[in-house]
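Chemist: Under our numbering, the letters of the sequence shown match residues 196 to 685, in that order.
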Amino acid sequence: MGKSLSMKNITKRYPGVLALDHVSIEIKAGEIRALVGENGAGKSTLIKVLSGAVTNDEGEIRVGDKVFPHITTLQARENGIAVVYQEGSLVPSLSVAENVYLGKRFGRLVNHKALEHMAAQTFEHLGIKVNPGTAVANLSPAYRQLVEIVKAVSQDAEIVVMDEPTAQLTVDEVEMLFGIIRRLKADGITVVYISHRLDEIFEITDSVTVMRDGKYITTLDTKETNKTELIEYMVGRELSLSYPRSSKPPGEVALELENVTGNGDKDVSLYVRGGEILGLGGLVGSGRTELAKVIFGAASAKTGTILVRGAKVEIKSPKDAVSRSIGLIPEDRKSEGCFLKMTIQWNVALMNLRRTGTRFFVNEKNEREQALRYREALKIKTPSVAQLVGNLSGGNQQKVVLAKVLAAQSDILIFDEPTRGIDVGARSEIYELMVRLLEEGKAIIMISSDMEELLGMSDRIVVLGEGRVRGELAREEFSQQKVLELASVE
Ligand SMILES: Nc1ncnc2c1ncn2[C@@H]1O[C@H](COP(=O)(O)OP(=O)(O)OP(=O)(O)O)[C@@H](O)[C@H]1O
Ligand SMILES: [Mg+2]
Numbered sequence: 196m197g198k199s200l201s202m203k204n205i206t207k208r209y210p211g212v213l214a215l216d217h218v219s220i221e222i223k224a225g226e227i228r229a230l231v232g233e234n235g236a237g238k239s240t241l242i243k244v245l246s247g248a249v250t251n252d253e254g255e256i257r258v259g260d261k262v263f264p265h266i267t268t269l270q271a272r273e274n275g276i277a278v279v280y281q282e283g284s285l286v287p288s289l290s291v292a293e294n295v296y297l298g299k300r301f302g303r304l305v306n307h308k309a310l311e312h313m314a315a316q317t318f319e320h321l322g323i324k325v326n327p328g329t330a331v332a333n334l335s336p337a338y339r340q341l342v343e344i345v346k347a348v349s350q351d352a353e354i355v356v357m358d359e360p361t362a363q364l365t366v367d368e369v370e371m372l373f374g375i376i377r378r379l380k381a382d383g384i385t386v387v388y389i390s391h392r393l394d395e396i397f398e399i400t401d402s403v404t405v406m407r408d409g410k411y412i413t414t415l416d417t418k419e420t421n422k423t424e425l426i427e428y429m430v431g432r433e434l435s436l437s438y439p440r441s442s443k444p445p446g447e448v449a450l451e452l453e454n455v456t457g458n459g460d461k462d463v464s465l466y467v468r469g470g471e472i473l474g475l476g477g478l479v480g481s482g483r484t485e486l487a488k489v490i491f492g493a494a495s496a497k498t499g500t501i502l503v504r505g506a507k508v509e510i511k512s513p514k515d516a517v518s519r520s521i522g523l524i525p526e527d528r529k530s531e532g533c534f535l536k537m538t539i540q541w542n543v544a545l546m547n548l549r550r551t552g553t554r555f556f557v558n559e560k561n562e563r564e565q566a567l568r569y570r571e572a573l574k575i576k577t578p579s580v581a582q583l584v585g586n587l588s589g590g591n592q593q594k595v596v597l598a599k600v601l602a603a604q605s606d607i608l609i610f611d612e613p614t615r616g617i618d619v620g621a622r623s624e625i626y627e628l629m630v631r632l633l634e635e636g637k638a639i640i641m642i643s644s645d646m647e648e649l650l651g652m653s654d655r656i657v658v659l660g661e662g663r664v665r666g667e668l669a670r671e672e673f674s675q676q677k678v679l680e681l682a683s684v685e
């Protein structure tokens, strides 16, 4: 059975940041509660207080009938609180089964086979297809996330907290996760669910709490609210979700691929002009990210030709790509995106250095001004650009990756899932920024699994499937159905 949860007047201060400002929430046993708010609103901090990962400065936590001025990780675990973090906590070199039971105490020593058997039963109960003997290192990010969830759930949890569990999941995997959540609900377990994808909130939760700037704003019955109202509470003003368009016509072809094969893609031909966005549509696994890596030199093309401004080029490494003025905002920003232990300023300046190849001339003042400009343009929430990227909220870390790539001022930009994990307010800022880039004549290739974004922002869409081009759509013929039809043809 689940437990009720109440957090009262929770306050947490960091140097220069009031991350939580007297936040109070109450959740009934067995309730599925969403927690929403813009990047940096304090969602992750609140649940870190609940799990004991962070110590609150003020307030109290009540779990069931026990009250704690603040809670330790051990107390949290003993009282049935399990958290699935945004960052992930699995040990890659251990097997799935070992990870699931890591940190658990058994009365006697248990051998690997027994562990695997236990894990297999849990996975089957929850409807997840994975071999418990596999090393976590061999799993896709999505499956790691699912294992992470099973690990939390299998600890006799009574309150399960998930921090953006679907950020890396495909449509099918999201369904699998929702299956798990429904089963938890049927078992009467309390769930706290954080997500920037509002559709999910409406599909799976009973009630929703909105936070803004470290403060509690309101709690609504999910059935009695709607997207527009939620967004208004989140950003504190009316916001129209529109897609801006460039006022200039496209120019010359900036990048062209002729029959490129490699990294899972086969015989791909496409082009993008300066001043336009070429959208890449397709299901997950259709070869879009793989293609982005080929263009950026992170994987090599086996055959075919890549032309930049009409001239044939060899791109063998990201360095080659950068020297041809190609930039990539990668999908997996945690591992490929930025250096968490360095400052925002340092990360943003990194690509300048890559471009010039030396660090003889470090102009501290210019670097700082550059970082400040991007903080403003992308609304990166931080008191100082000298802050370590690792101390930023998840969404704000992503904005730093964007800033870093943009600062290199490449002419050809590949955005792989540009707004994943980014809140609704900041999305429109990113769209505006993309349009400014187009008006400066830059070419953009955008990979997006967000259908509205793909249709709203692209000038043309090329749909990939199993590594091949399935078709191209001009803006006049855009529709969700056409993209899906092309994506799913055999
Ligand atoms: N260790 C830390 N040191 C300094 N500031 C921190 C630290 N951890 C969090 N913060 C700040 O606290 C605020 C709240 O961050 P939090 O991670 O809770 O946001 P969030 O609502 O989870 O955002 P997101 O949607 O981007 O994940 C942010 O301004 C963040 O920069
Ligand atoms: Mg967060």
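Cβ atoms here follow ideal geometry from the backbone N, Cα and C, with glycine treated the same way.
Roughly how many angstroms lie between the CA atoms of Val-291 and His-307, to the nearest whole one?
Modeler: 11 Å
Chemist: Hey, Val-244 and Asn-251 are a contact pair by Cβ (cut 8 Å); roughly how many whole angstroms apart?
Modeler: 5 Å
Chemist: Once DSSP output is grouped into helix, strand and coil, what is the label at Phe-397?
Modeler: helix
Chemist: DSSP three-state call for Arg-483: helix, strand or coil?
Modeler: helix
Chemist: Once you ignore the five residues that flank Leu-502 on each side, which residues in its own chain have a CB closer than 6 Å to its CB?
Modeler: Glu-451
Chemist: Assuming Met-357 and Ala-236 form a contact by the criterion Cβ under 8 Å, report the distance between their Cβ atoms to the nearest whole angstrom.
Modeler: That belief does not hold up - the Cβ atoms of Met-357 and Ala-236 are roughly 17 Å apart, past 8 Å.
Chemist: Could you name the residues whose beta carbon sits closer than 5 Å to any heavy atom belonging to ligand 1, keeping them in chain order?
Modeler: That gives Tyr-209, Val-212, Ala-214, Asn-234, Gly-235, Ala-236, Gly-237, Lys-238, Ser-239, Thr-240, Lys-576, Asn-586, Leu-587, Ser-588, Gly-589, Gly-590.
Chemist: Out of curiosity, what's the CA-to-CA distance linking Ile-323 and Leu-364?
Modeler: 13 Å
Chemist: When the Cα atoms are used, what is the spatial distance from Gln-540 to Leu-213?
Modeler: Their Cα atoms are separated by approximately 22 Å.
Chemist: Any chance you could list the beta strand (DSSP E) runs of at least 3 consecutive residues sitting entirely within the region 244-276, in chain order?
Modeler: If we require 3 residues or more, the beta strand (DSSP E) runs fully inside the region 244-276 come out as 253-258, 261-263.
Chemist: Residues in its own chain within less than 8 Å of Arg-519 by CB, not counting five upstream and five downstream?
Modeler: Counting only Cβ-Cβ distances below 8 Å, and skipping sequence neighbours, we find Val-503, Val-508, Ile-510, Ile-607.
Chemist: Please confirm whether any heavy atom of ligand 2 lies closer than 7 Å to the CB of Asp-358.
Modeler: yes
Chemist: Determine the contact status of Gly-636 and Gly-469, defining contact as a CB-CB distance below 8 Å.
Modeler: yes
Chemist: Just tell me which of Ser-643, Val-657, Gln-592, Thr-423 has its CA closest to the CA of Asp-394.
Modeler: Thr-423
Chemist: With Asp-654 and Ile-472 assumed to form a contact (beta carbons below 8 Å), what rounded beta-carbon distance in angstroms separates them?
Modeler: So it is a contact: roughly 5 Å between Cβ atoms.
Chemist: Where does Leu-215 sit, in a helix, a strand or coil, going by DSSP?
Modeler: strand
Chemist: Quick one: what's got a C-beta closer than 8 Å to Glu-253's C-beta in the same chain, skipping five residues either side?
Modeler: Asn-204, Ile-205, Thr-206, His-217, listed in sequence order.
Chemist: Report the rounded CA-to-CA distance for Pro-287 versus Val-342, giving the unit in angstroms.
Modeler: Roughly 12 Å between the two C-alpha positions.
Chemist: Are Thr-484 and Asp-611 touching if we call contact CB-CB under 8 Å?
Modeler: yes
Chemist: Cutting at 6 Å between CB atoms, please list the residues of its own chain near Ala-229, excluding the five before and the five after it.
Modeler: Within the same chain, Ala-229 has close Cβ partners Tyr-388, Ile-396, Thr-400, Val-403.
Chemist: To the nearest angstrom, report how far apart Arg-432 and Ile-426 are at their CA atoms.
Modeler: 8 Å
Chemist: Take Asp-416 and list the residues in its own chain whose beta-carbon comes closer than 6 Å to its own, dropping the five residues that flank it on each side.
Modeler: Ser-402
Chemist: Starting from the Cα of Gly-197, find the closest Cα among Asn-542, Val-369, Ile-227 and give me that residue.
Modeler: Ile-227
Chemist: Buried or exposed, going by whether 16 or more other CB atoms sit within 10 Å of the CB of Asp-618?
Modeler: buried
Chemist: Can you tell me which residues form a DSSP beta bridge with Lys-507?
Modeler: Leu-502
Chemist: For the region 558-635, list the alpha helix (DSSP H) runs that are entirely contained and at least 4 residues long, ordered along the chain.
Modeler: 559-573, 589-602, 619-634
Chemist: Compute the distance between the beta-carbons of Val-543 and Lys-461, then report whether it is under 8 Å.
Modeler: no
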